[in-house]
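Visitor:
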Amino acid sequence: MATEVILPKVDMDQETGTIVEWVKKDGEEVTEGEIILVIETDKVAIDVEAPATGVLQGISAAPGEVLPIATVIAHILEPGEELPQGPMPPPPTPQETLAEVPPSTVPATPVARKMAAAHEIDLQQVNGSGQQGQVTKADVVAVVSSPPATAPDGKVYAAPAARRVASELGVDLNQVQGTGPGGRIQSVDVTAAAQSPQPMPIEVQSSSEPEVIPLVGMRRTIAERLTASYQSIPHINFTARILMDAFIATRATLNEHAERAGEARISATALLVKLVSIALQRHPWVNSSFTDEAILLHRSINVGVAVALEEGLIVPVVHDADKKGIALIGTEVSDLATRARAGQLLPSEVGGGTFTISNLGPFGVEQFEAIINPPQAAILAVGMTQQEAVPLDNGEIVAKPVMHITLSADHRVIDGAVAANFMAELKSLLENPILLSY
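Using the numbering used here, you'd call the opening residue of the sequence shown number 476 and step up by one each time.
1) Identify which residue in A477, V519 and K500 has its Cα closest to the Cα of E786.
2) Buried or exposed for M476, going by 16 or more other Cβ atoms inside 10 Å?
3) Under a Cβ-count criterion, where at least 16 other Cβ atoms within 10 Å of its own Cβ denotes burial, should F713 be classed as buried or exposed?
4) Would you check if the distance between the CB atom of M719 and the CB atom of P837 is smaller than 8 Å?
5) Here's a check: name, in chain order, each residue in its chain whose Cβ is nearer than 8 Å to the Cβ of L820, leaving out the five neighbours to either side.
6) I think T491 touches V530, with their Cβ atoms under 8 Å apart; what is that distance to the nearest whole Å?
7) In or out: A549 buried (at least 16 other Cβ within 10 Å) or exposed?
8) Please report how far the alpha carbon of Q756 lies from the alpha carbon of S742, in whole angstroms.
9) Mind checking P685: buried by the 16 CB within 10 Å criterion, or exposed?
10) Between T528 and V505, how many whole angstroms is the CB-CB distance? I'm expecting something under 8 Å.
11) Just grab the DSSP bridge partners of D522 for me.
12) Going by beta carbon distance, what residues of the same chain come within less than 6 Å of S704, once the five residues before and after it are set aside?
13) Taking all protein chains shown into account, decide if E807 is buried (16 or more other Cβ within 10 angstroms of its Cβ) or exposed.
14) Between E571 and the rest of its own chain, which residues show a CB-CB distance below 7 Å, the 5 nearest in sequence each way excluded?
15) If you draw a straight line from the C-alpha of G645 to the C-alpha of A667, how long is it?
16) Taking just the CA atoms, how far does N896 sit from I511?
17) Using 10 angstroms around the beta-carbon of D885, count the other beta-carbons present and answer buried if the total reaches 16, otherwise exposed.
18) V711 by DSSP, collapsed to three states: which one?
19) Do you know whose CA, among V825, W760 and L784, lies nearest A944's CA?
20) DSSP state of Q842, grouped into three classes?
21) With S809 as the anchor, note down where its alpha helix (DSSP H) starts and where it stops.
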């Protein structure tokens, strides 16, 4: 019996997935457990394995397509089997064809594959600079940034998908104006030329024209989710000024002990995550989620730490942060951030978050308000630590290290007094980290 290949659901709040690349071609033999395609959610790129052994047939989703989870995208047949009878999928539209690239077995990072698909670049034509010749994002960027005006043999420089569309529509590529990087002809250019009664003049793209970056994959999902969050969640914000001298001193003491024990140093982020988890433990309404039917007070405290990538923001999660020591949290945060930048996070490492910390202090930002990451009910924005004038009880004014934090809360779930009490608790913990022991 034919085995369906479906678009998998890899985290709880996932609704769609984007086809990045088919590693195996239609008609190829595959083995159960073998990687047959790469998909992308709003958080991570995922290798999808063959659910059975047989022949891959009936691929119905092209690279770049965004589909609902559980959509049947292909079948695996046993010898002698035929595809199940049913309505055939519609042919790809020009827009869908735009993102189509030939499947490739060239070793490449998920981000590189996604970018290559978006720009219609054949990975087989890219020189990989990574380990064992792996194609990286930088390699694809180099091709996108400075492609030749014409192919090496003097022919028109066009994407493979553009050549296929031109052949189907009977369009002379010599009469098509390319709008891709460096004048490269793309599928949409061919489609436009076919619909125009006059040949399109070939012109070199003006350097004054803006670079066009397709709104696909992670960037599109981020845009959709944050727009929905900002429009549907009534944000209420609370800011507190934190005196950081005790925090800095406590971290220095912890690092002295770590160095003597031959252990890794404790990062400021690790100590912050631990203190936030304690405050959440004492104020469970802030560690909650809103649904259409109920408010969920989470028993687990899973703190997400936002990591900035070139292609968007990703939030790896420290699960059960309240039950872990600072050293373990530090190791996890460092490892998660490193693998996030390399595109190597697992779905379980970006799912299940109950609260998020966004720290822009290292970028020199003094204070800001973050947008809530649904379905969570709150997010903490952390600014930089800098010297500010602080009045003492005796009237004297001295310079002290100060940090501003802002809690953005979902007012449907968290009342003003609840948020204020949480911020007072967190301020007390940050200014007196010794309270960790109590």
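Don't be surprised by glycine CBs; every beta carbon is placed ideally from N, CA and C.
Keep in mind it's a predicted model, so treat the numbers as computed, not measured.
Guide: If we stick to the structure as given:
1) V519
2) exposed
3) buried
4) no
5) K518, V519, I789, P791, L811 and R814
6) So it is not a contact: roughly 28 Å between Cβ atoms.
7) buried
8) 22 Å
9) exposed
10) Rounded to the nearest angstrom, the Cβ distance from T528 to V505 is 7 Å, consistent with a contact under 8 Å.
11) Note: D522 sits in a beta bridge opposite V513.
12) I846, I847 and P849
13) buried
14) Confidence in E571 is poor, its pLDDT being 42 and thus under 50, which makes the residue's placement unreliable; the coordinate value appears in the next sentence. The residues are A537, G539 and E540.
15) 13 Å
16) 51 Å
17) With at least 16 other beta carbons inside 10 angstroms of its own, D885 counts as buried.
18) What sits at residue 711 in the sequence shown is Ile, not Val. Three-state DSSP puts I711 in a strand.
19) Residue coverage of the chain in this structure runs from 476 to 913, which leaves residue 944 outside it and unanswerable.
20) DSSP places Q842 in coil when its eight states are reduced to three.
21) I801 to R816
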